[in-house]
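In our numbering, the protein residues as written are 135 to 498.
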């Protein structure tokens, strides 16, 4: 036996009481995990317009699913604790105990997977933001196009909230036309020259939207003619620290979401420890109560353990049982064909007629 302990009636009662409190603690932890998944999901939806991949929603989806399952599983554990010391009520739970342990163990595995997945998704998150922000900047000017009307507001609010500019940096705005043709005077020589000088006929300029300006800078915001040293007094494009946000929005958002996901790690790990404590305690309670019931003496001293055999032997037994169940569920085509042939041969010998059943009549 693995981790065998002795339990008398008093220790079983204390174990059941402590496990009841631990189960309700695990229920609250499940609610915390669910709320954590909902919050992370909402934060990802808030920036859905600048993201191009839905796979990053795997972490909050698993958190919400595991949170709900944990609430239900640990509520059942609390009911089992209440009925564990009642000989008339505990036996009804024995049928469901194996399924409960399987589900509770699966929840722990999924929570570990969430912690690992939150670190593994950094590359996917970065690529999603790279494409999404590039499209957001490109469609910044399309305030009259259905489906893109709020793209300008989204990008402006994003840059001001996260104190960032562009995708990689403020120079990304130099490569796109972010001023709508609706606000360009095509009779102006400067506008005509800029449009004609571009192969695609776009109006490009070395300027950025107002939302890139850093209010902490002592100098008034410079957002136009940023590469022209003569356009501004006491200004050097190469050496002066511009009064714009120097950090790109992709870097800012990656840091924000990774900090958010990584901060879930300690909380999720604590939930895993509590869930494992519930599993082990319930296993000790189950085996000790069943041992006392086998002795037909509720107050007798009994043994509680985690596994009846060693880990390797238990794994082999479970493996054999699963394979046996799978084989029993499968239909052997050769046996079925042989059965059909034997039935067909018997019908042929009888000429396709049923053998009459003789009945004896009582003598008069």
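All C-beta atoms, glycine included, are put in the ideal place defined by N, C-alpha and C.
Asked	Found
What residues in its chain sit with their C-beta under 7 Å from that of residue 391, if we drop five residues either side in the sequence?	259
Between the C-alpha atoms of residue 337 and residue 315, what's the straight-line distance to the nearest angstrom?	8 Å
Is it buried or exposed, residue 207, if we count other Cβ atoms within 10 angstroms and call 16 or more buried?	buried
Would you kindly check if the distance between the Cβ of residue 200 and the Cβ of residue 244 is under 9 Å?	yes
Taking the alpha-carbon positions, what's the residue 417 to residue 231 distance?	9 Å
Based on the DSSP secondary-structure assignment, which residues constitute the bridge partners of residue 435?	For residue 435, which the question treats as bridged, DSSP gives no partner whatsoever.
Which stretch, first to last residue, makes up the beta strand (DSSP E) that contains residue 140?	139 to 141
Could you check where the alpha helix (DSSP H) with residue 270 kicks off and where it finishes?	256 to 272
So what does DSSP say about residue 355, is it helix, strand or coil?	coil
With a threshold of 7 Å on Cβ separation, who are the neighbours of residue 155 within its own chain once the five nearest residues in sequence on each side are excluded?	none
Using three-state DSSP, classify residue 347 as helix, strand or coil.	strand
Pick from 415, 411, 305, 461: whose alpha carbon is nearest that of residue 242?	411
When burial is assigned at 16 or more other CB atoms within 10 Å of the CB, is residue 157 buried or exposed?	buried
Hey, would you say residue 381 sits closer than 9 Å to residue 292, going by beta carbons?	no
Should the segment 263 to 274 be called in touch with the segment 303 to 312, which here means at least 3 C-beta pairs below 8 Å?	yes
Just to confirm, are residue 387 and residue 357 a CB contact at a threshold of 9 Å?	no
For residue 140, which residues in the same chain have their Cβ closer than 7 Å to its Cβ, ignoring the five residues on either side in sequence?	435, 437
Quick one: what does DSSP say residue 378 is sitting in, helix, strand or coil?	strand
Given a cut-off of 9 Å on the beta-carbon distance, is the pair residue 285 and residue 177 in contact?	no
Measuring alpha carbon to alpha carbon, tell me which of 221, 217, 166, 334 ends up nearest residue 203.	166
Do residue 174 and residue 398 have their C-beta atoms closer together than 9 Å?	yes
Counting only the same chain and skipping the five closest in sequence on each side, list residues whose C-beta sits under 7 Å from that of residue 365.	359
Taking just the CA atoms, how far does residue 246 sit from residue 299?	36 Å
If you draw a straight line from the C-alpha of residue 457 to the C-alpha of residue 138, how long is it?	29 Å
Quick check: the Cα distance between residue 394 and residue 403, rounded to an integer number of angstroms?	15 Å
First and last residue of the alpha helix (DSSP H) that includes residue 394?	383 to 428
Alpha carbons only, please: which of 143, 234, 265 is nearest the one belonging to residue 213?	234
Counting only the same chain and skipping the five closest in sequence on each side, list residues whose C-beta sits under 8 Å from that of residue 248.	193, 196, 197, 200, 398, 402
Where does residue 172 sit, in a helix, a strand or coil, going by DSSP?	helix
Would residue 290 pass as a contact of residue 283 if the rule is Cβ separation under 9 Å?	no
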